[in-house]
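Structure record follows, encoded as structure tokens.
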Amino acid sequence: MKPKQNSTNRSVRKWSIMNKELFDKFKKARSNAIHNLDTSNRECLILGQTNKMFNNEIEKLLQKVEIHQKNSNAHNAEMLKMQTKNSVNTLKINDYLNQIGILKKKLEEGQSNAAEMEPL
Numbered sequence: 001m002k003p004k005q006n007s008t009n010r011s012v013r014k015w016s017i018m019n020k021e022l023f024d025k026f027k028k029a030r031s032n033a034i035h036n037l038d039t040s041n042r043e044c045l046i047l048g049q050t051n052k053m054f055n056n057e058i059e060k061l062l063q064k065v066e067i068h069q070k071n072s073n074a075h076n077a078e079m080l081k082m083q084t085k086n087s088v089n090t091l092k093i094n095d096y097l098n099q100i101g102i103l104k105k106k107l108e109e110g111q112s113n114a115a116e117m118e119p120l
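Count the sequence shown with full-length UniProt numbering and you get residues 1 to 120, in order.
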């Protein structure tokens, strides 16, 4: 019976050694997995913070664009008012020039008629 016990003891020791090796491999794999998970979580946190920062910067830029757009629209409206006033004034000037032309023509006609009526 002793040989069976030796054989059984050897089998138990073999399994113990194999189980210890497997357990060590498992511990190492678990440690690597935890390390990778921690690294991944850290990277996710950093990416999240970076995204928040970028979103804040984008929001600021969009606000600036909106302000510039409003200013541009106000300037365009002011420019249209000025162009309208300029057009109105140009029409008035043209009307005055026409009236001056008509008066000049009447004056010249009057002078011509007066010259014809003068005795020679």
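Note that the Cβ used here is the ideal one computed from N, Cα and C, for glycine as well. Quick caveat: nothing in here was measured; it's all calculated off a predicted structure.
Looking at the structure shown, is residue i part of a helix, part of a strand, or coil, going by DSSP?
{"i": "GLU43", "result": "helix"}
{"i": "GLU57", "result": "helix"}
{"i": "GLU21", "result": "helix"}
{"i": "GLU108", "result": "helix"}
{"i": "GLU116", "result": "helix"}
{"i": "ILE100", "result": "helix"}
Given this structure, state the Cα-to-Cα distance separating residue i from residue j, to the nearest angstrom.
{"i": "MET53", "j": "THR84", "result": "46 Å"}
{"i": "ASP38", "j": "SER31", "result": "10 Å"}
{"i": "ILE46", "j": "LYS27", "result": "28 Å"}
{"i": "LEU61", "j": "ILE67", "result": "10 Å"}
{"i": "ASN73", "j": "VAL65", "result": "12 Å"}
{"i": "GLN69", "j": "GLU78", "result": "14 Å"}
{"i": "ASP95", "j": "ALA115", "result": "30 Å"}
{"i": "LEU80", "j": "LEU91", "result": "16 Å"}
Less than 6 Å between C-beta atoms, sequence neighbours within five positions excluded: which residues of the same chain meet that for residue i?
{"i": "SER112", "result": "none"}
Might you give, ordered along the chain, the residues of its own chain that have their beta carbon closer than 7 Å to the beta carbon of residue i, omitting 5 neighbours on each side?
{"i": "LEU107", "result": "none"}
{"i": "LYS2", "result": "At LYS2, the pLDDT of 48 sits below 50, so the modelled position is not reliable and the matter cannot be decided from this model."}
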